[in-house]
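Written below as structure tokens is the structure these notes are about.
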Amino acid sequence: MSSTVELTKENFDQMVTDNEFVLIDFWAAWCGPCRQFAPVYEKAAEENPDLVFGKVDTEAQPELAAAFGIQSIPTLMIVRDQVAVFAQPGALPEAALTDVIGQARKLDMDDVRKQIAEQQAQQGGTPGAGE
């Protein structure tokens, strides 16, 4: 039995809303690096049963891939508290995936939200403000 959840446009929003920590693997069956990454991702899912590991088949779910601007696969994304805190194309080796999960677990989401709010305020502010 797989430890990962197939994400579709029908269940994606609810999965991200209902779960504090979701890892998403954007992949396709024809993609060699995706197939190589699959067992690494599956093993991480088994080792982290408290997290949701989702997979988006970019061939079956082109709208989701487009919505996130996925240009190359595999791409790993981590969403915490409905905020994308990590997104990187390429198949990660097991040690790197473990490290990324550990770093994402340690994030202070209040601080992350504050940084996002500050960036949005700077982008929406008057030109030259704050310099």
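Its first residue numbered 14, the sequence shown is counted upward by one per residue in the numbering used here. We put the beta carbon where it would ideally sit given N, CA and C, even for glycine.
Worksheet entry | Classification of residue 57 by the beta-carbon crowding that lies within 10 angstroms, buried from 16 upward | That one is buried.
Item to complete: Compare the C-alpha of residue 126 against each of 67, 110, 95 and 21 and name the closest.
Response: Comparing alpha-carbon positions, the option among 67, 110, 95 and 21 lying closest to residue 126 turns out to be 95.
Discussion item. Could you compute how far the alpha carbon of residue 72 sits from the alpha carbon of residue 102?
Written reply: Going from the Cα of residue 72 to the Cα of residue 102 covers about 16 angstroms.
Item to complete: Could you tell me which residues DSSP pairs with residue 91 in its beta bridges?
Response: According to DSSP, residue 91 bridges with 36 and 99.
Worksheet item: Where does residue 143 fall in DSSP's three states?
Response: Because the pLDDT of residue 143 is 45, which lies under 50, any placement of that residue in the model is unreliable, and the number read from its coordinates should be weighed accordingly. Note: residue 143 maps to coil in three-state DSSP.
Fill in: Exposure of residue 40, with buried meaning 16 or more beta-carbon neighbours within 10 Å
Result: buried.
Worksheet entry | residue 129 burial status per 10 Å Cβ neighbour count (16 or more: buried) | The residue in question, residue 129, is exposed, as its Cβ has fewer than 16 Cβ neighbours within 10 Å.
Practice prompt. Compare the C-alpha of residue 29 against each of 55, 44, 114 and 65 and name the closest.
Written response: Comparing Cα positions, the closest option is 65.
Fill in: Coarse secondary structure for residue 65, derived from DSSP in three states
Residue 65 falls in the strand class under three-state DSSP.
Fill in: Inter-residue Cα distance where the pair is residue 106 and residue 134
Separation of residue 106 and residue 134 (C-alpha to C-alpha, rounded to the nearest whole angstrom) is 37 angstroms.
Discussion item. For residue 24, count the other beta carbons within 10 Å of its own beta carbon; 16 or more makes it buried, fewer makes it exposed. Which is it?
Written reply: It is exposed - the Cβ of residue 24 has fewer than 16 other Cβ atoms within 10 Å.
Worksheet item: Does the Cβ-Cβ distance between residue 49 and residue 104 come in under 8 angstroms?
Response: The Cβ atoms of residue 49 and residue 104 sit closer than 8 angstroms to each other.
Worksheet item: Hey, would you say residue 44 sits closer than 8 angstroms to residue 75, going by beta carbons?
Response: The Cβ atoms of residue 44 and residue 75 lie no closer than 8 angstroms to each other.
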